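Chemist: When we follow this note's numbering, the leftmost residue of the sequence shown carries the number 503, and every step to the right adds one.
So that we are looking at the same thing, I have put the structure below in structure tokens.
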Amino acid sequence: MPDPFGVDRLRDAILQSWLASPTRLHEDTAAESDLVGVGYRDRLLTELVANAADAATEAGAAGRVAVWIDDEALHVANTGAPLDRSGVQALTALRSSSKSGEGLVGRFGVGFSAVAALTDHVQIRSRTGSIEFSAERTREQLAGTDLAGDPVPTLRLAWLIDAPPASGFDTEVVLRLDGAADAETMLTEFCTESVELLLELPAIETISVGSTTFTRTRDGDVVTIGAQQWREYVAPHARWLLPLRGEHVTAVATGVLRAPTRTDVELTVPAICIGDVRLTADRRGLHPDAEIDTLATGYAEFAAALSPSDRLVLIPSPGFAAGHDDDRLRTALIEELSVGRWLPGADGDDLIPSRSEVLVDLTPGLAALIGEIITTLVHPDLSERSALSQLRSVGVTEIGLAEIAARLTGLEREPRWWGKLYAELSMLAQGQVDELGALPVPLVDGRTMPGARGTVLPPYTSDAIDAGSEDDDATGPVAPSWLPTVHPDAVHDLLERLGARRISVGEMLADPALQSEVESDPESEQLARSVLGLLRGAPDSPVPGWLGSLALPTMDDGDLRPADELLLPDSPLAAVLVDDSPFGVVSPEWVQRYGAASLRALGVGWDFTLTREEYPTGPEHDLPDESQWWDTLVDVPQTLIAVRDLDLVDPDKWPQALSLLAESPDVAVLLTERRGYTAWWLRHYAVIDGVRLGGWRAPSDTAASGLLDPLDHPHADNVAGALGSTEVEDTEQARMMLSHLADARRSITPSVAASAHTELARALRDGRVHLDDLEPPEGFRTLAGTVATEAVVLDAPWMVAALDPALTVSVMPGEFALATNLADLLDIPTATEEFVGGPVDAGLESTWDAQPWALRSALSQNRELPVGPIRVHSQLVVELRRGGSSVEHRVPWWRDEGGLTHVDAESGVIAG
């Protein structure tokens, strides 16, 4: 067999050296053991693929690697330059490498010893010739010598074999596996490792592991392996890769330096680093003379090549370095990033971080406004608070809102620009508004105030006419003389947080400064026009009552009269008022100029006029009987809205007046609010057919059916809040309800009667009525729905089954605490005062949980099962005694004088 590699000569030379010096054999064995156990442990595929990469580089073509297992052997085949003499020499030399030439990792050098970790029988099949290493053949070779029986290395003696590489490949390494090898696990691990190797070794394009093939493709700077992608940048001394997730890169959590394959040098940098740097002989650590910081050269250019939103990914995260080498590289990367021009600026240009400033959480809108003014600002996409520590690490200076406000001082811009600025700043300010205290604020009169404090915000309207204009069609912002008003185009809620007062039209009109001017000169035409100019754009605004004293010209003679003493021309209110009402008619010219709605808001009447006030403090609104209503309130209302001048309605025209009230959208809602002033006054003082409204009920109100008569009016259901109910407000209503309950001609259901009794008793308890003011009724509405001349008030629920419903009066369930009050009001006894008695037999001692029927009953009622002792009766019969007579009744349950509950087992009732 031809020997193209001089294998026989090499083997003979090594054997002679061992025989001449057995120590050489022991050294070779120990050296191989050290490389397998320490230097190249767990690097089998890495070293074989690295050899394949060198072969592909030498061949000048993209390399392919295939890995498979069959016949108890692991096969690793590759394309590229085949085995040559120098390669065989390197393989047998153990400590040397045939590496020469740029871009080579180390063909058949000491790294090949990794195969000895898996097997002691290796074949290298190549199209130029094949060799075999075998520990068994080595031992046979030494048999009969003084070295027989000594441990031997696997990779020193080689033999030629006649075995070509797999078809389609130039070289094939075959490792014989023993029975302990887990082939499936080995291939799974190789699959994971293959992706890493394709990243590290550009000369290899495809790795197949079993039936799984991994192929690296490249599209520009995007590297793809299967479903995974990386963005790559080639710097002068390193290749850098970042994983891609969709269109964006992400940082790696931790990793190791690759040179080009993985070393044991741990890194905490955000990108995969494949560097050109000197390593130790085992390629696991840095050589003492290695300059790892040179790998940082060009790192800033990598950042600049990324999309702006991804660039901060390249900044090493704050934290402890993994070691001295990692610390050196991190420091070099930070320095490179600090002075490079790569950081996106707010104005669109890239900035040098050490000369840049960041406003935390800068918005795109704010950047667009101030980017041209403050040209050193970092782009908003990179200004989130979560990025602050990264930006600081590369030298970016953080600035705050106070600095922004200071740099804008003296700036001239249109009010609308300032409004946009405030809108953007408000999203940043949150709890830091004090820093914007000096922010410039434009006013309607053209001035710019150094800060918002002391200014007021105009009303929410763009249709208020200028108070000083004589042009009926003139529109624009109103600038009342009594307030420094922010220009409407600049208005934003931020200014309120900075000290400006938020002024709606209502608040503007309620300002004490205006009140002072009105009190000083109520006949000022300029003041009247100012107020009406505001109301023209916001006629629904609340208007303080004192503004009604502002004088307006009248229709007949032009004399000035207070607005609240005037009506609009053709007002429907005039038709329902008494003949001698004090109202005049406002000038039609003013109606045409300012609109009826504005004049009505000021107090000029059309239909009924409303009085409005936020946060009222007492009955100070010149409303009839207001103090009496105020005394009924439990809580002071936040807003008072009430109809004025109800006492001026002609008593005979209340049906028409009620329609006028119900048909007014603003008033109609007040007629549903029972606690409000308007509904209260109507219930007590408005009279239809000789009965005040509180004596009528809405037709739809069945809760008072029979007790109160329904009001015959087209809007009766719409004014329900102004009509009566079972609730007792005063003595007059109590008298009426007692009279109606005693009237046998009325059909009143027991439930309506019980509800009425409950409210009567509650009114007595709460002091709304007093016994001295009421006469006991002559009849009592009973549980049978009939009227009795004598009865008792049910005050113990267990007695209801033992009493005659035609002689029993009751409150509603759950209200038995009011039974005594009802008995006092009706001047009749309670049931427990009139009757005594209890069960006729003691019953059986038990507990609720001991009775199966009790649980079933609780389940059917969806209630909790009671606890405690009870007495169970097969038939619970009680004896009631009244005077000298007694009577027995079967009842479902009873509570005796000792508080013990008795139950009828057959009834299945849970009570007590």
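Quick reminder that beta carbons are idealized off the backbone N, C-alpha and C, glycines included.
As the structure is a prediction and not an experimental result, all values here were calculated from the model.
Can you have a look at Glu534 and say buried or exposed, based on whether 16 or more other CB atoms are within 10 angstroms of its CB?
Modeler: Mapped onto the sequence shown, residue 534 falls at position 32. Buried, by the Cβ-count rule.
Chemist: Roughly how many angstroms separate the alpha carbons of Ser1166 and Asp1109, rounded to a whole number?
Modeler: For the purposes of this step, residue 1166 is taken as the residue at position 664 of the sequence shown. For the purposes of this step, residue 1109 is taken as the residue at position 607 of the sequence shown. Looking at the two C-alpha atoms, the distance is approximately 8 Å.
Chemist: With a threshold of 8 Å on Cβ separation, who are the neighbours of Pro846 within its own chain once the five nearest residues in sequence on each side are excluded?
Modeler: Within the sequence shown, residue 846 is the residue found at index 344, counting from 1. Cβ neighbours of Pro846 beyond the five flanking positions: Pro810, Arg813, Asp852, Leu853, Val880, His881, Asp883, Leu884.
Chemist: Going by C-alpha distance, which of Thr525, Val935, Gly956 is nearest Pro944?
Modeler: For this step, residue 944 is matched to residue 442 along the sequence shown. Ranking Thr525, Val935, Gly956 by Cα distance to Pro944 puts Gly956 first.
Chemist: Please classify Asp975: is it buried, with 16 or more other beta-carbons within 10 angstroms of its beta-carbon, or exposed?
Modeler: Here residue 975 refers to the residue found at position 473 of the sequence shown. The predicted position of Asp975 is uncertain, since its pLDDT is 40 and thus under 50; no value can be drawn from it.
Chemist: By Cβ distance below 8 Å, which residues in the same chain neighbour Asp973 in space, the five residues on each side in sequence not counted?
Modeler: Counting from 1 along the sequence shown, the entry for residue 973 is found at position 471. Per-residue confidence for Asp973 stands at a pLDDT of 43, beneath the threshold of 50, marking its modelled position as unreliable; the derived number appears in the next sentence. Hits under 8 Å: none found.
Chemist: Under 8 Å between the Cβ atoms of Ala660 and Glu634?
Modeler: Residue mapping note: residue 660 aligns to position 158 of the sequence shown, counting from 1. Residue mapping note: residue 634 aligns to position 132 of the sequence shown, counting from 1. Yes, Cβ-Cβ distance for Ala660 and Glu634 is below 8 Å.
Chemist: Using the rule of at least 16 other Cβ atoms within 10 Å of the residue's Cβ for burial, across every protein chain shown, is Leu1367 buried or exposed?
Modeler: On the sequence shown, residue 1367 is found 865 positions in, with the first residue counted as 1. Leu1367 should be labelled exposed.
Chemist: Among Pro961, Ala1015, Glu734, Pro982, which residue has its Cα nearest to the Cα of Ala992?
Modeler: Locating residue 992 in the sequence shown gives position 490, counting from the first residue. Considering only alpha carbons, the answer is Pro961.
Chemist: Looking at the secondary structure, which residues open and close the alpha helix (DSSP H) in which Leu576 lies?
Modeler: Against the sequence shown, residue 576 aligns to sequence position 74. First-last for Leu576: 575 to 580, but that is the beta strand (DSSP E), not the alpha helix (DSSP H).
Chemist: Going by beta-carbon coordinates alone, are Ala668 and Ala579 separated by less than 8 Å?
Modeler: Sequence index remark: in the sequence shown, residue 668 carries index 166 (1-based). Sequence index remark: in the sequence shown, residue 579 carries index 77 (1-based). Cβ atoms of Ala668 and Ala579: closer than 8 Å.
Chemist: For Asp1042, count the other beta carbons within 10 Å of its own beta carbon; 16 or more makes it buried, fewer makes it exposed. Which is it?
Modeler: Along the sequence shown, read from residue 1 onward, the residue named residue 1042 stands at position 540. With fewer than 16 other Cβ atoms within 10 Å, it is exposed.
Chemist: Using 8 Å as the threshold, is the C-beta distance between Val1338 and Trp1350 below it?
Modeler: Along the sequence shown, read from residue 1 onward, the residue named residue 1338 stands at position 836. Along the sequence shown, read from residue 1 onward, the residue named residue 1350 stands at position 848. Taking 8 Å as the Cβ cut-off, Val1338 and Trp1350 do not qualify as a contacting pair.
Chemist: With distances taken from CA atoms, which of Arg857, Val860, Glu793 is nearest Asp829?
Modeler: Residue numbering aside, residue 829 sits at position 327 when the sequence shown is read from its first letter. The shortest C-alpha separation from Asp829 is found at Glu793.
Chemist: Here's the rule I'm using: 16 or more other beta-carbon atoms within 10 Å means buried, otherwise exposed. How should Asn1323 be labelled?
Modeler: Working through the sequence shown from its first residue, we reach residue 1323 at position 821. Its Cβ being crowded by 16 or more others within 10 Å, Asn1323 is buried.
Chemist: Does the count of Cβ pairs from the region 1043 to 1054 and the region 1022 to 1031 closer than 8 Å reach three?
Modeler: Yes, since at least three Cβ pairs between the region 1043 to 1054 and the region 1022 to 1031 fall closer than 8 Å, the two stretches touch.
Chemist: Assign Pro952 to one of two classes, buried (16 or more other C-beta atoms within 10 Å of its C-beta) or exposed (fewer than that).
Modeler: What you label residue 952 is simply residue 450 of the sequence shown in a count that begins at 1. When all chains shown are included, Pro952 counts as exposed.
Chemist: If you draw a straight line from the alpha carbon of Thr865 to that of Tyr735, how long is it in whole angstroms?
Modeler: The sequence position of residue 865 within the sequence shown is 363, counting from 1. The sequence position of residue 735 within the sequence shown is 233, counting from 1. Roughly 30 Å separates the two Cα atoms.
Chemist: Could you compute how far the alpha carbon of Ser1227 sits from the alpha carbon of Thr1288?
Modeler: Within the sequence shown, the letter at position 725 stands for residue 1227. Within the sequence shown, the letter at position 786 stands for residue 1288. Taking the straight line joining both Cα atoms gives about 21 Å.
Chemist: For Ala823 and Thr770, what's the separation of their Cα atoms in angstroms?
Modeler: Your numbering for residue 823 matches position 321 in the sequence shown. Your numbering for residue 770 matches position 268 in the sequence shown. If you take the alpha carbons of Ala823 and Thr770, they lie about 6 Å apart.
Chemist: Do Thr1251 and Gly1208 come within 8 Å of each other at the CB atom, strictly closer than that value?
Modeler: Translated into positions along the sequence shown, residue 1208 becomes position 706. Translated into positions along the sequence shown, residue 1251 becomes position 749. Yes, the Cβ-Cβ distance between Gly1208 and Thr1251 is below 8 Å.
Chemist: So Ala1333 packs on Leu1296, CB below 8 Å; how close in whole Å?
Modeler: Position 831 of the sequence shown, counting from 1, holds the residue named residue 1333. Position 794 of the sequence shown, counting from 1, holds the residue named residue 1296. Rounded, the Cβ-Cβ distance is 5 Å, consistent with contact.
Chemist: With a threshold of 8 Å between beta-carbons, can Leu701 be considered close to chain D, or not?
Modeler: Any reference to chain D falls outside this structure, which holds one protein chain only.
Chemist: So for Phe692, helix, strand or coil by DSSP?
Modeler: Locating residue 692 in the sequence shown gives position 190, where the first residue counts as 1. In the structure shown, Phe692 sits in a helix (DSSP, three-state: H, G or I).
Chemist: For the candidate residues Ala737, Ala954, Ser1376, Thr673, whose alpha-carbon lies nearest to that of Trp920?
Modeler: Taking the first residue of the sequence shown as 1, we reach residue 920 at position 418. Taking only the C-alpha atoms, the option nearest Trp920 is Ala954.
Chemist: Got a sec? Which residues, its chain only, sit under 8 Å from Pro1201 by beta carbon, not counting five neighbours each side?
Modeler: The sequence position of residue 1201 within the sequence shown is 699, counting from 1. Only Pro1212, Leu1213, Ala1218, Asp1219 meet the Cβ criterion.
Chemist: Grab me the residues of Leu649's own chain with a C-beta within less than 8 Å of its C-beta, minus the 5 sequence neighbours each way, in chain order.
Modeler: Stepping through the sequence shown from its first residue, residue 649 is reached at position 147. Excluding residues within five positions, the ones whose Cβ falls inside 8 Å are Trp520, Leu521, Pro524, Leu527.
Chemist: Assuming Pro1009 contacts Trp984 (C-beta within less than 8 Å), just tell me the rounded distance between them.
Modeler: On the sequence shown, residue 1009 is found 507 positions in, with the first residue counted as 1. On the sequence shown, residue 984 is found 482 positions in, with the first residue counted as 1. Residue identity differs from the one stated: residue 1009 is Glu in this sequence, not Pro. The pair is not a contact, with the Cβ atoms about 12 Å apart (cut-off 8 Å).
Chemist: Figure out for me which residue from Asn553, Gln518, Val1145, Thr950 has the closest Cα to the Cα of Gln643.
Modeler: Position 141 of the sequence shown, counting from 1, holds the residue named residue 643. Nearest of Asn553, Gln518, Val1145, Thr950 to Gln643, Cα basis: Gln518.
Chemist: With DSSP run on the structure shown, which of helix, strand or coil describes Trp1396?
Modeler: As a first step, residue 1396 is located in the sequence shown; it is residue number 894 there, counting from the start. Strand, per DSSP.
Chemist: Assign Asp1066 to one of three DSSP states: helix, strand, or coil.
Modeler: Counted from its first residue, the sequence shown places residue 1066 at position 564. It is helical.
Chemist: Cβ atoms of Arg733 and Val711: under 8 Å apart, would you say?
Modeler: For this step, residue 711 is matched to residue 209 along the sequence shown. For this step, residue 733 is matched to residue 231 along the sequence shown. Not closer than 8 Å, so no.
Chemist: My output table needs one value for Pro655: the three-state DSSP class, helix, strand or coil.
Modeler: Within the sequence shown, numbered from 1, the residue matching residue 655 stands at position 153. It is coil, neither helix nor strand.
Chemist: Under three-state DSSP, which class holds Asp973?
Modeler: If you number the sequence shown from 1, residue 973 lands on position 471. Reliability of the predicted coordinates at Asp973 is poor, the pLDDT of 43 falling under 50, and the value obtained from them is presented with this limitation in mind. The answer is coil: DSSP assigns Asp973 none of H, G, I, E or B.
Chemist: Just verifying my parser: in three-state terms, what is the DSSP assignment at Tyr735?
Modeler: Counting from 1 along the sequence shown, the entry for residue 735 is found at position 233. Residue state, collapsed to three classes: strand.
Chemist: When you compare each of Pro1371, Asp1406, Leu1240, Ile1372 to Leu1378 by their alpha carbons, which one comes out closest?
Modeler: As a working note, residue 1378 is residue 876 in the sequence shown. Looking at the Cα atoms, Asp1406 is the closest of the given residues.
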